[in-house]
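K.L.:
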Amino acid sequence: MTGGDGLTISGLVKRYGNQTVVNDVSLAVADGEFFSLLGPSGSGKTSTLMMIAGFTRMDDGRILAGGRDISRLTPQQRGLGMVFQNYALFPHLTVFDNVAFPLQIRKLPRHTLRERVAWALDVVRLGDFARRLPRELSGGQQQRVALARTIVFHPKVILMDEPLGALDKNLRYHMQVELKEIQRNLGMTVVYVTHDQEEAMNMSDRIAIMNQGRIEQMGPPSQVYENPATVFVAKFLGEANLIEPSNLQGSASSERLQAIALNGSVVFLRPERIALTPPHAEVNEVDGWTHWAGRVARVSFLGNVIRYAIEARGVTLIADAQNARGLPRFEAGDSVIACWRDDDVRVLNHA
Amino acid sequence: MAPLMGLLLIIFFLPIAWFLFQAINESDQTVLEQIKRVALSPDITYVIWNTNWIALIVTLSTLLLAYPIAYTLAHSRKFTFTLIIICVIVPYFTSVVVRTYSWMVILGRNGLLNQALLELGLIQEPLGLMYNRLGVIIGMVYVLLPYLVLTLFSAMKGIDTNLLRAAHSMGASPFYAFRRIYFPLSLPGLISGCLIVFILAIGFFITPALMGGPEDVMIAMLIQREIELNLNWPLAAMLSLALLAVTLVLYAVYYRYTNLERMLGK
Chain A
295 MTGGDGLTIS GLVKRYGNQT VVNDVSLAVA DGEFFSLLGP SGSGKTSTLM
345 MIAGFTRMDD GRILAGGRDI SRLTPQQRGL GMVFQNYALF PHLTVFDNVA
395 FPLQIRKLPR HTLRERVAWA LDVVRLGDFA RRLPRELSGG QQQRVALART
445 IVFHPKVILM DEPLGALDKN LRYHMQVELK EIQRNLGMTV VYVTHDQEEA
495 MNMSDRIAIM NQGRIEQMGP PSQVYENPAT VFVAKFLGEA NLIEPSNLQG
545 SASSERLQAI ALNGSVVFLR PERIALTPPH AEVNEVDGWT HWAGRVARVS
595 FLGNVIRYAI EARGVTLIAD AQNARGLPRF EAGDSVIACW RDDDVRVLNH
645 A
Chain B
2 MAPLMGLLLI IFFLPIAWFL FQAINESDQT VLEQIKRVAL SPDITYVIWN
52 TNWIALIVTL STLLLAYPIA YTLAHSRKFT FTLIIICVIV PYFTSVVVRT
102 YSWMVILGRN GLLNQALLEL GLIQEPLGLM YNRLGVIIGM VYVLLPYLVL
152 TLFSAMKGID TNLLRAAHSM GASPFYAFRR IYFPLSLPGL ISGCLIVFIL
202 AIGFFITPAL MGGPEDVMIA MLIQREIELN LNWPLAAMLS LALLAVTLVL
252 YAVYYRYTNL ERMLGK
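If you read the protein sequences in the order shown, they are chains A and B. Reminder that position 92 of the first sequence reads as 386 in my numbering, one-by-one numbering, no gaps. Reminder that position 183 of the second sequence reads as 184 in my numbering, one-by-one numbering, no gaps.
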């Protein structure tokens, strides 16, 4: 938005007593990048964001925004935008005055101020709501006002703390799309905190998955999803089948995998990579495929996806089948054969 | 519901109504003439004016003290919080008479404060801190402080700290954020708290009676004097009625503001 150099954090540490909530976090967000901090509650993602914003004092580390060291500056001096989960709109001010607030601080001339506010409200499609009070708006509209109030003063970096967390699922998805579009059009640099992995994957250029104060893995959504580095990442980003190597017998290729998976490792496979076929079907023993005969233990109808729990070889596998025409349906108790390409399998170290 | 309403009616409403009715009837003048007499008497209008003036000064002084106290209270951690709340609440549960006499010990001609100041050589002769307007104000502010501190505290507690964080992140200085965000949002609590204090202040009796000078007669003292000394019950009734009317008007305003508070979602 302002052509800065993004945001660089190195060696960020936060301790409360003898508990380290953020432990040596380093990351670099490029200019115009949408970067998400994803993790469960207590993983240190919000603490990291609060230290970037300057609301929480850091115990160690450095923060650079647009090439400038902002580590010791007050929030007021940092010039970063912040969007809160509960919107944090000023309840006694109209939408116009809320959005004008950062410009009034900067003492902009009146007509410039009006133009800028009108522009920001147009971006979030709330041009007709300028005279309303925040409490007269819906949750989604309030969050859009909060966004307008942030983009209106062109901050170098915009920090967002679970901004869609209070919205219902359907609206949340629409807001994700809209927010992403605005971010891309304006070239905003965004650091986004969320615990919702779908949200992070939908919007982000890159995701950092946090656990116990550390970044476990960082990368584009498809990469962290397909190639998780740890068991934690594999489980956090979606359903995951984790198989002990000792169970991997049967095909030549599985046994090759088993050899790679040394002690203390586990084999990982996404549920949608498992195909199910009826037992009487012709099964070609193609090299590179594994076939396990098993029984359907449970069927969950999720709408677009049908999720089966398959018991085979003493392991319960989760298999997702598209709810599409032409695919066989199974009931609990049916015998099935679960097959997957060995290329889709990853070997992970135990946590 | 009905028995309770009946009880409240008998306990609270009937005695007042009966007193007013009897007292006004006792006089050989009509009610209108009585009202006229009160309104035209320079002595009585002086006391009414005096009462409101003292109540106003007391309210503003209380506010000046209570706002920073409530602010500290709303933004302090456990230890400081407990310390302040004890200092504010304990006197609240102590008799007004006891507290007024304590102030007399401190503020008297040979009181603790004058002695300390003389000892330090800051003054040459004792200051007149009591039996005058100043004494009345100090005593009343002290008694009324907890009411305003607690009302302000609850209003301030309702202000989302993220609002200030948001303001700071947009570049607002602490003072700017206070002026544009914090203070306006504490205003409903401030107004309703001040109204409570003012309503209580205009009915004060003990403190002005014990700590005031001959000039500092307030309306409650005048009512007591008319009943005890002059046995002029009709006049006392009229004065009570005047006091009640002012209180009710202020209460209506107060009620409006607390409604406003609820509308703001607090």
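Cβ coordinates follow ideal geometry from the N, Cα and C atoms, glycine included.
1) For Pro562 (chain A), does the three-state DSSP call read helix, strand or coil?
2) Under the three-state reduction of DSSP, which class applies to Ile648 (chain A): helix, strand or coil?
3) Find out if the Cβ-Cβ distance for the pair Leu130 (chain B), Gly136 (chain B) is shorter than 8 Å.
4) Between Ile1 (chain B) and Val247 (chain B), is the Cβ-Cβ spacing less than 8 Å?
5) Have a look at A:Val527, A:Leu453, A:Ala440 and flag the residue whose alpha-carbon is nearest the alpha-carbon of Phe328 (chain A).
6) In or out: Ala253 (chain B) buried (at least 16 other Cβ within 10 Å) or exposed?
7) Between the alpha carbons of Gly532 (chain A) and Arg601 (chain A), how many angstroms are there, rounded?
8) Grab me the residues of Met344 (chain A)'s own chain with a C-beta within less than 7 Å of its C-beta, minus the 5 sequence neighbours each way, in chain order.
9) Within the chosen definition, does the stretch 477-485 of chain A reach the stretch 502-516 of chain A through at least 3 CB pairs nearer than 8 Å?
10) At what residues does the alpha helix (DSSP H) containing Arg166 (chain B) begin and finish?
11) Do Thr342 (chain A) and Leu331 (chain A) have their CB atoms nearer than 8 Å?
12) Starting from Ile346 (chain A), trace the beta strand (DSSP E) in both directions and tell me its first and last residue.
13) Tell me the residue span of the alpha helix (DSSP H) that contains Tyr519 (chain A).
14) What whole-angstrom Cβ distance do Ala414 (chain A) and Ala167 (chain B) have, given they're in contact under 8 Å?
15) List, in chain order, every chain A residue whose beta-carbon is nearer than 9 Å to that of Pro185 (chain B).
16) Residues of chain B with CB under 9 Å from Asn521 (chain A), in chain order?
17) Could you check the C-alpha separation between Ile228 (chain B) and Ile87 (chain B) for me, to the nearest Å?
18) At 7 Å on the CB atoms, spell out the chain B contacts of Ile399 (chain A), in chain order.
19) Could you work out which residues of chain B lie near Phe390 (chain A), taking near to mean beta carbons separated by less than 7 Å?
20) Thinking C-alpha only, which one of A:Gly597, A:Arg592, A:Leu596 is nearest Ala603 (chain A)?
21) Quick check: what's the CA-CA separation for Asn521 (chain A) versus Glu493 (chain A)?
22) Taking 6 Å as the limit between beta carbons, can you name the residues of its chain near Thr296 (chain A), skipping five residues before and five after?
23) Within 7 Å: the Cβ of Asn521 (chain A) and any heavy atom of the ligand SAH?
24) Going by the CB atoms, is the gap between Asp354 (chain A) and Val307 (chain A) shorter than 8 Å?
25) For Leu1 (chain B) and Pro92 (chain B), what's the separation of their Cα atoms in angstroms?
P.N.:
On the basis of the coordinates in this document:
1) Note that residue 562 (chain A) is Phe in the sequence shown here, rather than Pro. The answer is strand: DSSP assigns Phe562 (chain A) an E or B state.
2) For residue 648 (chain A) there is no data in the structure shown, the boundaries of chain A being 295 and 645.
3) yes
4) No answer is possible for residue 1 (chain B): it lies beyond the span of chain B, which begins at 2 and ends at 267.
5) If we check each option's Cα against that of Phe328 (chain A), A:Leu453 comes out closest.
6) The C-beta of Ala253 (chain B) has fewer than 16 other C-beta atoms within 10 Å across all chains shown, which makes the residue exposed.
7) Taken atom to atom, the span from the alpha-carbon of Gly532 (chain A) to that of Arg601 (chain A) is near 13 Å.
8) A distance below 7 Å between beta-carbons, with the five flanking residues on each side excluded, links Met344 (chain A) to the following residues of its chain, in chain order: Thr350.
9) No, the stretch 477-485 of chain A is not in contact with the stretch 502-516 of chain A.
10) 162-170
11) With contacts defined by Cβ atoms closer than 8 Å, Thr342 (chain A) and Leu331 (chain A) form a contacting pair.
12) Not the beta strand (DSSP E): Ile346 (chain A) falls in the alpha helix (DSSP H), residues 339-347.
13) 515-520
14) With 8 Å as the limit, Ala414 (chain A) and Ala167 (chain B) do not qualify as a contact, their Cβ atoms being about 15 Å apart.
15) Phe384, His386, Leu387
16) What Asn521 (chain A) touches in chain B: nothing, since even the nearest Cβ is about 36 Å away.
17) 39 Å
18) Met171, Gly172, Ala173, Tyr177
19) Simply none; closest approach about 14 Å.
20) A:Arg592
21) 19 Å
22) Here Thr296 (chain A) scores only 45 on pLDDT, less than 50, and its place in the model should not be relied on; the value that follows carries that caveat. Contacts found: His448, Lys450.
23) Ligands are entirely absent from the displayed structure, and the ligand SAH is therefore not among its contents.
24) Yes.
25) Residue 1 (chain B) is absent from the structure shown; chain B starts at 2 and stops at 267.
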